[in-house]
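Q: Sharing a structure with you now.
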Amino acid sequence: MRVLTDEPDVDGVPDPLKDLVVKTLAKNPEERPDAAGLLESLRRIWQPDAEVSASVEEEVTRLLDRTWVMPAPEEAEWVVPPRRRRWRDFGVAAAVTVVAAGLIATTAVVVSGRSADGVAAHRTPSPASPSGAATQSPTPTGDRPTAAQGDSTGTASPAGTASASPRPTRTGRRVTMVRGYSFILPDDWMYYPDNTHNIEGMCLRPKDKRNDEYWYCHQFGMSIHPWVDGGDPDFRPEEVEPDGVTARYGPEGACGEIGEPVRPSRFLKTGLHRIGNRRAYYWKARSYCRDGTTVEAEMLILPVTGLTISIDEMPAKRRAQVEEILKSFRFPS
């Protein structure tokens, strides 16, 4: 009833956006601005001196390319403390922030014709094929990442790199996220904010998948999500389960409408993996669905930094590009 009768609480919204948020949450649908009106209002707020661009799509692209840098404290090397705490949920954003920043992402989706992020799952055929994340099926090691080494600086032997395809040339443009993380995005890739779960997160995918229907942020590519509450020095990597790596956002899990996996999911690889000049915990897992298909995914976590990266199953060439993105990562000083 509060949603239907009370005025929205916009105390936490930046002053330039308050009026726009109130109009967007108007009880009468006819009083709410349309997508074109939202875009024009945001353009005036963010770039009051800029000329109107030649097209709406160019305007949206310029808004999304805007660099937001926030100061971050210098991190010390992570040491596991003796006490135990649960792993924080990094995928929940504050409601008012979602409304404010989601206006930009929603407008971009309307203009480009992409559908909104949903909850269904994606499945890949069970037989081995060239479309996997690597050219050979890895042998499960059964090892868990070493707790004393995650989130530290330096180099590490990649635990889940793609196979022996030629190393691509690192070309593209550097993209900077809200909290100051940046990476080089290949010329044939695109990105957009995750306006469904965490608007500070980014979804990355090849441009040839632009018009493909998708159900979760890292489908066909990868996702980068800062933790809403920051890092957690009490994170315990041994508590991560295979189903947690392959699961998609939503209640249906890795196998979607097929239901629960026909047999227990398992890790294919675990260890440490390089992200920029730091080392992250790394897992690659596989789930087995009742219709004979499998789901594979990779996950990297920097618990002190408070960052999670998810990687979908993809051809070796694309997986090699993902590796270049990870190597190009920079962290705010």
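Under the UniProt record's numbering, the sequence shown has 230 at position 230, and the numbering climbs by one with no breaks. Where a beta carbon is used, it is the ideal one built from N, C-alpha and C, also for glycine.
1. Assuming A285 and V245 are in contact, meaning their beta carbons sit under 8 Å apart, how far apart are those beta carbons, in whole angstroms?
2. Using C-beta distances below 6 Å, list every residue in its chain close to K18, excluding the 5 sequence neighbours before and after it, in chain order.
3. For G271, does the count of other Cβ atoms within 10 angstroms reach 16, so buried, or fall short, so exposed?
4. Under 8 Å, with one C-beta from each stretch per pair, do the stretch 298-307 and the stretch 225-234 reach the 3-pair mark?
5. Indicate whether I184 and G201 have their beta-carbon atoms separated by less than 8 Å.
6. Output the boundary residues of the alpha helix (DSSP H) element that contains E324.
7. What is the rounded straight-line gap between the Cα of C203 and the Cα of R330?
8. Classify E296: buried if its beta carbon has 16 or more other beta carbons within 10 angstroms, exposed otherwise.
9. Which residues in the same chain as A247 place their Cβ atom closer than 6 Å to its Cβ, once the five residues preceding and following it in sequence are excluded?
10. I'd like the list of long-range same chain contacts for K23, defined as Cβ closer than 6 Å, with 5 residues on each side in sequence excluded.
11. What is the DSSP secondary structure of E298, reduced to helix, strand or coil?
12. Taking only the alpha-carbon atoms, compute the straight-line gap between R318 and L38 and give it to the nearest angstrom.
13. Measure the CB-CB distance between L302 and Y282 and report whether it falls below 8 Å.
14. What are the residues that DSSP puts in a beta bridge with N198?
15. Quick check on the burial criterion: 16 or more other C-beta atoms within 10 angstroms. Buried or exposed for D194?
16. If you run the structure through DSSP and keep just helix, strand and coil, what is L307?
17. Which word fits N211, buried or exposed, when buried means at least 16 other C-beta atoms lie within 10 angstroms of its C-beta?
18. If we ignore side chains and look at the alpha-carbon of each, how far apart do R179 and G221 end up?
19. Helix, strand or coil for R43 per DSSP?
20. Which of the three DSSP states is assigned to L185 in this structure?
21. How long is the line joining the alpha carbons of G237 and P315, rounded to whole angstroms?
22. Return the CA-CA distance between D188 and D208, expressed in angstroms with no decimal places.
23. Let me check one thing: in DSSP terms, what residues is S223 bridge-paired to?
24. Identify the residues that DSSP records as bridge partners of Y282: which are they?
25. Expressed to the nearest angstrom, what Euclidean distance is found between the alpha-carbon atoms of A36 and E30?
26. If you compare alpha carbons, which of Q321, P242, G276 and N277 is closest to W294?
27. Quick check: what's the CA-CA separation for Y181 versus Y191?
28. Tell me where the beta strand (DSSP E) around V175 begins and ends.
A: Reading from the atomic positions:
1. Within the sequence shown, residue 285 is the residue found at index 285, counting from 1. Within the sequence shown, residue 245 is the residue found at index 245, counting from 1. Correct: roughly 4 Å between the Cβ atoms.
2. The residue labelled residue 18 in the question sits at position 18 within the sequence shown. For K18, where only same-chain residues beyond five positions count, the Cβ hits under 6 Å are V10.
3. Here residue 271 refers to the residue found at position 271 when the sequence shown is read from its first residue. The residue in question, G271, is buried, as its Cβ has 16 or more Cβ neighbours within 10 Å.
4. Yes, since at least three Cβ pairs between the stretch 298-307 and the stretch 225-234 fall closer than 8 Å, the two stretches touch.
5. Taking the sequence shown and counting its residues from 1, the one referred to as residue 184 is at position 184. Taking the sequence shown and counting its residues from 1, the one referred to as residue 201 is at position 201. Result no, Cβ atoms of I184 and G201 do not sit closer than 8 Å.
6. The residue you call residue 324 lines up with position 324 of the sequence shown. Annotation: the continuous alpha helix (DSSP H) that includes E324 extends over A316 to K327.
7. Along the sequence shown, one-based indexing puts residue 203 at 203. Along the sequence shown, one-based indexing puts residue 330 at 330. The alpha-carbon separation between C203 and R330 amounts to approximately 17 Å.
8. Sequence index remark: in the sequence shown, residue 296 carries index 296 (1-based). In this structure E296 is buried. Its beta-carbon is surrounded by 16 or more other beta-carbon atoms within 10 angstroms.
9. Within the sequence shown, the letter at position 247 stands for residue 247. G253 and A254.
10. In the sequence shown, residue 23 corresponds to position 23, counting from 1. Counting only Cβ-Cβ distances below 6 Å, and skipping sequence neighbours, we find P33.
11. Start at 1 with the first residue of the sequence shown, and residue 298 comes out as number 298. Three-state DSSP puts E298 in a strand.
12. Within the sequence shown, numbered from 1, the residue matching residue 318 stands at position 318. Within the sequence shown, numbered from 1, the residue matching residue 38 stands at position 38. Rounded to whole angstroms, the separation of the alpha carbons of L38 and R318 is 35 Å.
13. The residue labelled residue 302 in the question sits at position 302 within the sequence shown. The residue labelled residue 282 in the question sits at position 282 within the sequence shown. Contact flag unset, no.
14. Counting from 1 along the sequence shown, the entry for residue 198 is found at position 198. Answer is D194, bridged to N198.
15. The count along the sequence shown starts at 1 and reaches residue 194 at position 194. By the Cβ neighbour-count rule, D194 is buried, with 16 or more other Cβ atoms within 10 Å of its own.
16. To locate residue 307, count along the sequence shown from 1; it is residue 307. Strand.
17. Taking the first residue of the sequence shown as 1, we reach residue 211 at position 211. Exposed is the call here.
18. Sequence index remark: in the sequence shown, residue 179 carries index 179 (1-based). Sequence index remark: in the sequence shown, residue 221 carries index 221 (1-based). R179 and G221: Cα-Cα distance of roughly 21 Å.
19. Translated into the one-based positions of the sequence shown, residue 43 becomes position 43. DSSP places R43 within a helical segment (H, G or I) once states are collapsed to three.
20. Within the sequence shown, the letter at position 185 stands for residue 185. Three-state result, L185: strand.
21. Indexing the sequence shown from 1 puts residue 237 at position 237. Indexing the sequence shown from 1 puts residue 315 at position 315. According to the sequence provided, residue 237 is Pro. The question's Gly does not apply to it. Going by the C-alpha atoms only, they are around 28 Å apart.
22. In the sequence shown, counting from the first residue as 1, residue 188 sits at position 188. In the sequence shown, counting from the first residue as 1, residue 208 sits at position 208. Distance between the alpha carbons of D188 and D208 is about 8 Å.
23. Within the sequence shown, numbered from 1, the residue matching residue 223 stands at position 223. Partner(s): C203 and S310.
24. Counting from one through the sequence shown, the residue named residue 282 turns up at place 282. Y282 pairs with G271 and L300.
25. Within the sequence shown, residue 36 is the residue found at index 36, counting from 1. Within the sequence shown, residue 30 is the residue found at index 30, counting from 1. C-alpha separation (whole angstroms): 14 Å.
26. Here residue 294 corresponds to residue number 294 of the sequence shown, with the count starting at 1. A small correction: the amino acid at residue 294 is Thr; Trp does not occupy that position in the sequence shown. It is P242 whose Cα lies nearest to the Cα of T294.
27. Translated into the one-based positions of the sequence shown, residue 181 becomes position 181. Translated into the one-based positions of the sequence shown, residue 191 becomes position 191. Rounded to the nearest whole angstrom, the CA to CA distance from Y181 to Y191 is 14 Å.
28. Mapped onto the sequence shown, residue 175 falls at position 175. From DSSP, the beta strand (DSSP E) with V175 extends over R173 to T176.
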